[in-house]
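Residue numbers (the working numbering): 9 to 333. Heads up, the thing below is written out as structure tokens.
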Ligand SMILES: Cc1cc2nc3c(=O)[nH]c(=O)nc-3n(C[C@H](O)[C@H](O)[C@H](O)COP(=O)(O)O)c2cc1C
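Next up, the structure:
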């Protein structure tokens, strides 16, 4: 399949693996890229720019296909060493960067002058237009269904994607709730030129996370995610567990007076405990409603090949069939 997204990133299939904290290690990115998609290493999971450089080098040993790096711009007071991470990306000759969070304008000139294509993740049309105006090459439009941070507008992809198509000139991928060939064909129909998946890629053989995490996703239904930190305007969609229900209870009791310190136990330092140690009750971790559509743990190649062949069947068989009738 050829779209502006496959052309932009030099990939075979219009499928991107979104940056994921403590999931987007070299093994994940290499497996997706080897399967013809665009794998992404999560920059901030690497504690220092030097560690990121090593992770990129490890990934290059596992694939000769293009892969990217996610840079998430946090609103925190203690800013990570972003100039150092950008330098590590440029020194390694990476050609694709997925940015997320705060406005990436400041980082576009050094990246783009070195030939890096930048795709910014946005949860609204307004932010997507801003990304286009500052010169991003593409947008990842992240609907309310998504795992992680869906923003505060709560617009699901059935509305958000066609709205993005009405407004944007640069290409965009659909993100949030994407799992299979049906997702891809629907996203293309609504104006996207590919899709970005997070949760679906965690339940794959190569995802370098504890088996418990994969089994939890397969066991979960579309009813099992919760929105936390809404009162802090930092909404995150997570898989429910005892810690998440405790957190929600605190939000209810403390109301608008809640502070980050009140929920520290449920959200701080959770990712390594979940993803590496498989302690599934350790706290809140991002997971999409799409868990309800995930029933197996294939390899990334099996997953992507299945998506592409079934997409063709849907387009040539089911959809064309309706016209013929
Ligand atoms: C466990 C997990 C961790 C994530 N961490 C990040 C992150 O560090 N930075 C980021 O930009 N997005 C992050 N995301 C969001 C994904 O890149 C992607 O946008 C999202 O998962 C898409 O929704 P889906 O899960 O329904 O496919 C994370 C998602 C998950 C599930």
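All residues carry an ideal CB built from backbone N, CA and C; glycine is no exception.
Apart from the five residues on each side of it in sequence, which residues of its chain come closer than 6 angstroms, Cβ to Cβ, to residue 40? Taking the first residue of the chain shown as position 1, residue 40 is located at position 32. Taken in chain order, the residues that qualify are 25, 47, 308.
C-alpha gap between residue 334 and residue 242, whole angstroms: The shown model of the chain, from 9 to 333, leaves out residue 334, and the question about it has no answer.
Using 8 angstroms as the Cβ pair cut-off and three pairs as the minimum, do the region 250-270 and the region 166-178 touch? no
Going by other Cβ atoms of all chains shown within 10 Å of its Cβ, with 16 needed for buried, is residue 30 buried or exposed? Counting from 1 along the chain shown, the entry for residue 30 is found at position 22. Looking at its Cβ environment, which holds 16 or more other Cβ atoms inside 10 Å, residue 30 is buried.
By a C-beta neighbour count over all protein chains shown, 10 Å radius and 16 as the cutoff for buried, is residue 330 buried or exposed? Locating residue 330 in the chain shown gives position 322, counting from the first residue. Answer is exposed; the Cβ neighbour count stays below 16.
When you measure from the CB of residue 43 to every non-hydrogen atom of ligand 3, does any distance come out below 6 angstroms? Ligands present in the displayed structure are limited to ligand 1, and ligand 3 is not among them.
Short of 6 angstroms in beta carbon distance, which residues of its chain neighbour residue 157, apart from the five on each side in sequence? Order them along the chain. Start at 1 with the first residue of the chain shown, and residue 157 comes out as number 149. For residue 157, where only same-chain residues beyond five positions count, the Cβ hits under 6 angstroms are 244.
Between residue 310 and chain C, is the shortest Cβ-Cβ distance under 7 angstroms, so that the two count as touching? Absent from the structure is chain C; it holds one protein chain and no more.
For ligand 1, is there any heavy atom lying closer than 6 angstroms to the beta carbon of residue 130? In the chain shown, residue 130 corresponds to position 122, counting from 1. No, ligand 1 has no heavy atom inside 6 angstroms of this Cβ.
Limits of the unbroken beta strand (DSSP E) element including residue 106: Stepping through the chain shown from its first residue, residue 106 is reached at position 98. Note, residue 106: beta strand (DSSP E), 104-109.
What three-state label does DSSP hand residue 322 in the structure shown? As a first step, residue 322 is located in the chain shown; it is residue number 314 there, counting from the start. Correct three-state label for residue 322: helix.
Using only the heavy atoms of ligand 1, determine whether one of them is closer than 6 angstroms to the beta carbon of residue 294. Within the chain shown, numbered from 1, the residue matching residue 294 stands at position 286. Result yes, Cβ under 6 angstroms from ligand 1.
Can the beta-carbon of residue 148 be found closer than 7 angstroms to that of residue 167? Here residue 148 refers to the residue found at position 140 of the chain shown. Here residue 167 refers to the residue found at position 159 of the chain shown. No, these two residues do not count as a Cβ contact at 7 angstroms.
I need the boundaries of the alpha helix (DSSP H) containing residue 193, first residue and last residue. Reading the chain shown from its first residue, position 185 is the one you call residue 193. 189-197 is the span of the alpha helix (DSSP H), which, as asked, contains residue 193.
Does ligand 1 have a heavy atom nearer than 6 angstroms to the CB of residue 252? Locating residue 252 in the chain shown gives position 244, counting from the first residue. Because no heavy atom of ligand 1 lies under 6 angstroms away, the Cβ of residue 252 does not count as near it: no.
How long is the line joining the alpha carbons of residue 154 and residue 101, rounded to whole angstroms? The residue labelled residue 154 in the question sits at position 146 within the chain shown. The residue labelled residue 101 in the question sits at position 93 within the chain shown. Taking the straight line joining both Cα atoms gives about 30 angstroms.
For residue 55, which of helix, strand or coil comes out of DSSP? The sequence position of residue 55 within the chain shown is 47, counting from 1. Reduced to three states, the DSSP call for residue 55 is coil.
At a threshold of 6 angstroms, does residue 108 count as lining ligand 1 (C-beta to nearest heavy atom)? Start at 1 with the first residue of the chain shown, and residue 108 comes out as number 100. Yes, since a heavy atom of ligand 1 falls inside the 6 angstroms radius drawn around the Cβ of residue 108.
Any contact between the region 82-97 and the region 57-74? By contact I mean 3 or more CB pairs, one from each, below 8 angstroms. yes
Which residues bound the beta strand (DSSP E) around residue 336? Outside the displayed span of the chain (9 to 333) sits residue 336, for which this structure offers no information.
Runs of alpha helix (DSSP H) wholly within the region 255-282 (minimum 4 residues, chain order): 272-275
Runs of beta strand (DSSP E) wholly within the region 162-227 (minimum 3 residues, chain order): 180-183, 203-205
Using a threshold of 7 angstroms, state whether the C-beta atoms of residue 255 and residue 274 are closer than that. Your numbering for residue 255 matches position 247 in the chain shown. Your numbering for residue 274 matches position 266 in the chain shown. Yes. Within cutoff.
Heavy atom of ligand 1 within 6 angstroms of residue 151 beta-carbon: Residue mapping note: residue 151 aligns to position 143 of the chain shown, counting from 1. Checking the Cβ of residue 151 against ligand 1 gives no.
heavy atom of ligand 1 below 6 angstroms from residue 144 C-beta: Residue 144 sits at position 136 when you count from the first residue of the chain shown. Residue 144 Cβ: outside cutoff for every heavy atom of ligand 1.
Unbroken beta strand (DSSP E) run spanning residue 95, endpoints: Looking up residue 95 in the chain shown gives position 87. That residue, residue 95, is in no beta strand (DSSP E); its alpha helix (DSSP H) goes 90-99.
May I ask you to check if the CB of residue 205 is nearer than 6 angstroms to at least one heavy atom of ligand 1? Counting from one through the chain shown, the residue named residue 205 turns up at place 197. Checking the Cβ of residue 205 against ligand 1 gives yes.
Could you tell me if the beta carbon of residue 123 falls within a distance shorter than 6 angstroms of some heavy atom in ligand 1? Numbered from its first residue, the chain shown carries residue 123 at position 115. Incorrect: residue 123 has no Cβ contact closer than 6 angstroms to ligand 1.
Cβ-Cβ distance between residue 305 and residue 45 below 7 angstroms: As a working note, residue 305 is residue 297 in the chain shown. As a working note, residue 45 is residue 37 in the chain shown. No, these two residues do not count as a Cβ contact at 7 angstroms.
How many angstroms separate the CA atom of residue 293 from the CA atom of residue 332? Against the chain shown, residue 293 aligns to sequence position 285. Against the chain shown, residue 332 aligns to sequence position 324. Using only the alpha carbons, I get a separation of about 46 angstroms.
Contact set for residue 186: own chain, Cβ-Cβ below 8 angstroms, skip 5 residues either direction: The count along the chain shown starts at 1 and reaches residue 186 at position 178. Excluding sequence neighbours, residue 186 sits near 192, 195, 203, 204, 205, 208, 298.
So, at 6 angstroms on beta carbons, what are the nonlocal neighbours of residue 179 in its own chain, with the 5 sequence-adjacent residues on each side left out? Counted from its first residue, the chain shown places residue 179 at position 171. The answer, listed in chain order, is 12, 13, 146, 201.
Beta-carbon separation (whole angstroms), residue 228 vs residue 247, contact threshold 8 angstroms: Taking the first residue of the chain shown as position 1, residue 228 is located at position 220. Taking the first residue of the chain shown as position 1, residue 247 is located at position 239. With a Cβ gap of about 6 angstroms, residue 228 and residue 247 count as contacting.
Sort 133, 106, 131, 130 by Cα distance to residue 120 and report the nearest one. In the chain shown, counting from the first residue as 1, residue 120 sits at position 112. Of the candidates 133, 106, 131, 130, the one whose C-alpha sits nearest the C-alpha of residue 120 is 106.
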